[in-house]
Amino acid sequence: MSNTAKLQIGDNSYEFPLVKGTENEVAINIKTLRGATNGVITIDPGFKNTGSCESAITFLDGEKGVLRYRGYSIEELADKGGFLEVAYALIFGDLPTEEQLEKFHSDIKSKSLVDDDVKKIVDAFPKTAHPMGVLSSLTSALTAFNPTSVNVDSEEDMYNSVVKIMGKFPVLVAWTMRKKQGLPLNYGSKSLGYVDNILKMMFEQPNEDFKINPIIKNALDKLLILHADHEQNCSTSTVRIVGSSHAGLFASLSAGISALWGPLHGGANQAVLEMLEAIKEDGGDTKKYMAKAKDKNDPFRLMGFGHRVYKNFDPRAKIIKKAADEVLKDLGVEDPILEIARGLEQEALIDPYFVDRKLYPNVDFYSGIIYRAMGIPVEMFTVMFALGRLPGWIAQWKEMRLKKEPIGRPRQIYTGENHRDFLDINKR
Ligand code: SDX
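In structure tokens form, the structure reads like this:
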């Protein structure tokens with residue numbers, strides 16, 4: 000294949016260089032397009048065919064259902080890894096040695112206190128506030144208590160910012176949940192592992208000794224790994240574009256949390272549970288909801304199905320589905336909506352509408368069933384997604400800033416009124 004792409008516009012022809020990635024993906028580099036063609040640009044709503052960057056962090060093959068973080072397969076990471084070491088690999092490039100991991104965790108613990116005044120912000124929210132709105136606000140508020148923005152050119156400064164947010168974010172997540180439950184906002188214990196400590200902060204009751212359930216701890220560890228990064232998805236692209244204006248890391252993460260909240264994105268895990276509950280309340284009539292999902296006049300979508308990149312099974316969904324069976328069995332939880340989910344999946348896998356559009360279960364389809372079995376309230380499901388995605392957002396923000404990417408500022412094609420004179424109000 001030649002290493003250029005040819006473009007013909009009217010009588011003029013142009014050539015643009017091809018960019019080829021380490022997994023043989025090919026892009027047309029159109030950096031010079033507008034100048035060379037006297038103003039012609041491309042347009043691609045939703046960026047379905049447009050790359051925003053070259054990145055060395057995560058690789059997806061949507062046709063084959065492949066997902067790798069820093070070259071490590073998601074299957075191996077979920078099976079053999081721990082969330083903190085996966086976070087380290089995403090942010091710093093390789094799986095850590097035992098010593099590097101110990102230092103990373105110790106440095107995180109040393110920065111995991113949150114200014115007590117943040118509790119006043121938490122208190123100001125009504126209990127009815129959606130946890131994603133609370134979390135986004137608290138993350139942005141961290142800037143007020145940590146005003147010096149990170150100097151990305153200083154490795155030490157960048158490292159300190161990473162361990163600071165990795166330490167404080169789980170506290171904000173726990174406090175967000177406890178606020179809704181009217182429970183005290185506590186810290187965990189430095190003597191615990193990273194994920195164990197998250198569970199303690201979330202679930203410890205003020206009047207009883209807290210015991211870690213290893214089934215729940217291992218399930219959460221795996222879920223956090225599975226959500227840790229996913230290349231240029233909506234919320235990660237948001238973190239990158241906000242960071243490209245040189246807004247701080249906390250401000251960029253806060254914006255990413257808001258983007259993740261949407262039901263077409265991370266908010267889908269909550270929407271799946273609400274959909275499955277509605278089907279259960281409706282007598283378990285999955286065929287009725289399948290028909291609604293296919294009806295163009297009905298805004299209803301089968302939540303947890305379909306994906307912009309995966310046109311095959313989302314590898315994460317396969318792992319989570321297996322984990323859901325194991326966790327519910329180990330916890331002795333009977334959840335009728337798991338059967339409803341399985342029924343929907345079986346029907347969709349043979350239904351021409353879904354097969355023709357390559358709509359398969361995605362990461363959000365089964366995750367809520369596990370969160371619920373773990374005792375996490377449904378409104379907290381997307382917060383748990385954000386907790387997992389944090390290292391990916393940090394890694395992508397760091398890569399963008401270290402590569403000194405230009406500020407993100409897309410062009411447009413104007414379709415409004417041509418020039419017209421101002422009319423006095425009495426002449427309109
Ligand atoms: C995540 O990008 C990432 O990597 C995201 C993520 C990550 O880890 O960051 O993987 C996490 O966000 C997973 C997706 C969670 N969202 C949902 O489960 C919501 C339901 N799914 C859809 O809304 C949809 O599938 C999207 C948003 C996920 C993808 O939308 P696209 O790529 O823009 O596809 P589309 O909307 O153009 O759909 C193509 C066709 C359309 O039908 P036609 O116009 O061709 O007739 O498929 C149909 C759609 O109507 N379709 C669905 C459907 N999803 C797509 N029809 C019914 N139910 C669905 N769920």
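Here numbering that gives the first Met the number 0 is used: the first residue of the sequence shown is 0, the next is one more, and so on.
Glycine is no exception: its CB is placed at the ideal position from the N, C-alpha and C atoms.
Query, Result
"Best match in 317, 422, 399 for proximity to residue 157 [C-alpha to C-alpha]", "399"
"The alpha helix (DSSP H) enclosing residue 196, as first and last residue numbers", "193-202"
"Where residue 46 falls: helix, strand or coil (DSSP)", "helix"
"Helix, strand or coil at residue 51 [DSSP, three-state]", "coil"
"Closest by C-alpha distance to residue 61, when choosing among 309, 87, 241, 229", "309"
"Residues sharing a beta bridge with residue 26, DSSP", "18"
"Residue 350 CB to nearest heavy atom of the ligand SDX below 7 Å", "no"
"Distance cut-off 7 Å: residue 302 Cβ against heavy atoms of the ligand SDX", "yes"
"Closest Cα partner of residue 105 within the set 85, 162, 58, 53", "162"
"heavy atom of the ligand SDX below 7 Å from residue 233 C-beta", "yes"
"Run of the alpha helix (DSSP H) containing residue 388, from where it starts to where it stops", "380-401"
"Same chain, Cβ closer than 6 Å to residue 254, neighbours up to 5 away in sequence not counted", "237, 241"
"Element boundaries [alpha helix (DSSP H), containing residue 133]", "130-144"
"Residue 377 beta carbon less than 8 Å from that of residue 231", "no"
"Contact set for residue 384: own chain, Cβ-Cβ below 7 Å, skip 5 residues either direction", "226, 259, 265, 268"
"Own chain residues within Cβ distance below 6 Å of residue 302, not counting five before or after", "267, 270, 271, 274"
"For residue 8, three-class secondary structure by DSSP", "strand"
"The region 69-84 in contact with the region 213-228 per 3-pair CB rule at 8 Å", "yes"
"Residue 116 (DSSP reduced to helix, strand or coil)", "helix"
"Identity of the residues DSSP links to residue 57 by a beta bridge", "68"
"Residues near residue 379 by beta carbon distance below 7 Å, same chain, minus five either side", "130, 176"
"Start-end ranges of the alpha helix (DSSP H) lying completely within the region 158-229, minimum 4 residues", "193-202, 213-225"
"Close-in-space but distant-in-sequence residues of the same chain around residue 70 (CB under 8 Å, 5 per side omitted)", "58"
"Assumed close pair residue 375, residue 164 - CB separation to whole angstroms, cut-off 8 Å", "Not a contact, Cβ separation roughly 22 Å."
"Residue burial classification, residue 365 (beta-carbon count within 10 angstroms, cutoff 16)", "buried"
"Span separating the alpha-carbon of residue 407 from that of residue 359", "32 Å"
"C-beta atoms of residue 66 and residue 239 nearer than 8 Å", "no"
"For residue 360, the residue or residues it bridges with in DSSP", "304"
"Terminal residues of the alpha helix (DSSP H) in which residue 87 lies", "82-91"
"Simplified DSSP assignment, three categories, for residue 237", "helix"
"C-alpha distance - residue 205 paired with residue 388, whole-angstrom precision", "29 Å"
"Spatially closest choice to residue 431 from 347, 211, 40, by CA coordinates", "Residue 431 lies beyond the stretch modelled for the chain, which goes from 0 to 427, so this question has no answer here."
"Span separating the alpha-carbon of residue 208 from that of residue 199", "10 Å"
"Residue(s) in a DSSP beta bridge with residue 3", "16"
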